[in-house]
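Residue numbers (the UniProt record's numbering): 1 to 275.
Every residue gets a Cβ at the ideal spot worked out from N, C-alpha and C, and that includes glycine.
In what follows, a single structure is set out as structure tokens and then discussed.
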């Protein structure tokens, strides 16, 4: 058996032995949404440490557990703390949680993150609906022997982010009177923030926001046939656009400040997915 798939199966068996819950939506909580799951109707929780072989996040503010519950009437699994490539994990471990949530039964992967804004007119605290992505600067999560049980060797990526789900986000933002930007998200490896010239490169390539997660998870999810939707919280203007040196504290402060709006947008979108 493929070692990546074998590890995934062990994680799934560990989950099944502890949790009796089938989610429809899998939600990955980025910076600023870490406590989102505390406000939903919780049915169960599962600490990452209690899942055999599961990678554990080392980033401050990421609690490291799955929350199972309901947003409205929609059954969801919330990933409270994601794993990043820059933490030193293999890319197969970085996307293992997304794959595991698909095995749990989730049909939709809802990705959120904090990102640096590149698009002209963006401000810290804005939200950007992810319409497309650039993942060429990090290893593909599909590298190596294909896991046929998960998907095909050469999966199509012409529409990574589901158009119908994008419309639901737009409708939710309109109803909440939230100004929603749209654009392309580019993932770099991190953990260092980008240089001004790297940001200029990203803009030349067509990126509107840059971060250190999300794109690899989206690839793994599409490989498995999941529908994907994503929203970035623009936590800061990227280097060279802002004259202020970047720091993680700024990212967290901005994300925390706009968290109530972000939570409302995510909640309304998920409720509409269930209709």
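Going by DSSP, what residue range makes up the alpha helix (DSSP H) through residue 185?
From DSSP, residue 185 is part of no alpha helix (DSSP H) but of the beta strand (DSSP E) over 180–187.
Hey, quick one: how far does the alpha helix (DSSP H) through residue 176 stretch, first residue to last?
Here residue 176 belongs to no alpha helix (DSSP H), and DSSP marks it neither H nor E.
Measure the CB-CB distance between residue 2 and residue 147 and report whether it falls below 7 Å.
Yes. Within cutoff.
In chain order, what residues of the same chain have a beta carbon less than 8 Å from the beta carbon of residue 29, not counting five sequence neighbours either side?
Excluding sequence neighbours, residue 29 sits near 36, 37, 78, 79, 80, 81, 82, 112.
Residues bridged to residue 70 by DSSP?
In the DSSP output, where bridge partners are listed per residue, residue 70 has 41, 75.
Give the DSSP-derived three-state secondary structure of residue 166 in the structure shown.
In the structure shown, residue 166 sits in a helix (DSSP, three-state: H, G or I).
Can you say whether residue 232 is buried or exposed, counting buried as having 16 or more other CB atoms within 10 angstroms of its CB?
Its Cβ being crowded by 16 or more others within 10 Å, residue 232 is buried.
Which runs of the beta strand (DSSP E) at least 3 residues long sit entirely within the stretch 196–261? Give them in chain order.
Entirely contained in the stretch 196–261, the beta strand (DSSP E) runs reaching 3 residues are, in chain order, 209–211, 227–237.
Below 8 Å, can you find three or more Cβ-Cβ pairs linking the stretch 122–130 to the stretch 167–182?
Yes: at least three Cβ pairs fall under 8 Å.
Specify the secondary structure class of residue 28 as computed by DSSP and reduced to three states.
Strand at residue 28.
So what's residue 111 in DSSP terms, helix, strand or just coil?
Residue 111: strand per DSSP, three-state reduction.
If I measure Cβ to Cβ from residue 238 and keep anything under 7 Å in the same chain, skipping five residues before and after, which residues do I get?
116, 117, 118, 194, 199, 210.
For residue 263, which of 18, 24, 39 has the nearest alpha-carbon?
Cα-wise, what sits closest to residue 263 is 39.
How is residue 82 classed by DSSP in three states: helix, strand or coil?
DSSP places residue 82 in coil when its eight states are reduced to three.
List the whole-angstrom C-beta distance separating residue 186 from residue 134, where the pair is believed to meet the contact cut-off of C-beta under 8 Å.
Yes, they are in contact, since the Cβ atoms of residue 186 and residue 134 sit about 4 Å apart, within 8 Å.
Below 7 Å between beta carbons: does that hold for residue 282 and residue 139?
Past the edges of the chain, shown from 1 to 275, lies residue 282, and the structure says nothing about it.
Just list the residues that DSSP pairs residue 159 with in beta bridges.
Per DSSP, none; premise fails for residue 159.
Determine the direct distance from the alpha carbon of residue 107 to that of residue 259, and round the result to whole angstroms.
One C-alpha to the other measures close to 25 Å.
Measure the beta-carbon distance from residue 208 to residue 183 and round it to whole angstroms, keeping in mind my assumption that it falls under 8 Å.
3 Å between Cβ atoms; contact.
Grab me the residues of residue 70's own chain with a C-beta within less than 6 Å of its C-beta, minus the 5 sequence neighbours each way, in chain order.
41.
Using the Cα positions of residue 98 and residue 50, report the straight-line distance between them to the nearest angstrom.
Between residue 98 and residue 50, the C-alpha separation is close to 17 Å.
Under 8 Å by Cβ, that's how I've got residue 122 and residue 234 pegged, so tell me the actual separation to the nearest angstrom.
Confirmed, about 5 Å.
Does the beta-carbon distance from residue 74 to residue 206 come in below 7 Å?
The answer is no: Cβ separation not under 7 Å.
For residue 120, which option in 236, 256, 253, 255 has the closest C-alpha, if you only look at C-alpha atoms?
Nearest option by C-alpha distance: 236.
At what residues does the alpha helix (DSSP H) containing residue 133 begin and finish?
Taken as a continuous stretch (DSSP letters only), residue 133 belongs to no alpha helix (DSSP H), being part of the beta strand (DSSP E) at 127–134.
By Cβ distance, which residues of its chain are closer than 6 Å to residue 68, with the 5 residues on each side in sequence left out?
Counting only Cβ-Cβ distances below 6 Å, and skipping sequence neighbours, we find 21, 43, 44, 77.
With residue 217 and residue 95 assumed to form a contact (beta carbons below 8 Å), what rounded beta-carbon distance in angstroms separates them?
Confirmed, about 6 Å.
Under the rule that 16 or more other beta-carbon atoms within 10 Å means buried, what is residue 141, buried or exposed?
Buried, since its Cβ has 16 or more Cβ neighbours within 10 Å.
I'd like to check one pair, residue 227 with residue 162: are the Cβ atoms closer than 7 Å?
Yes.
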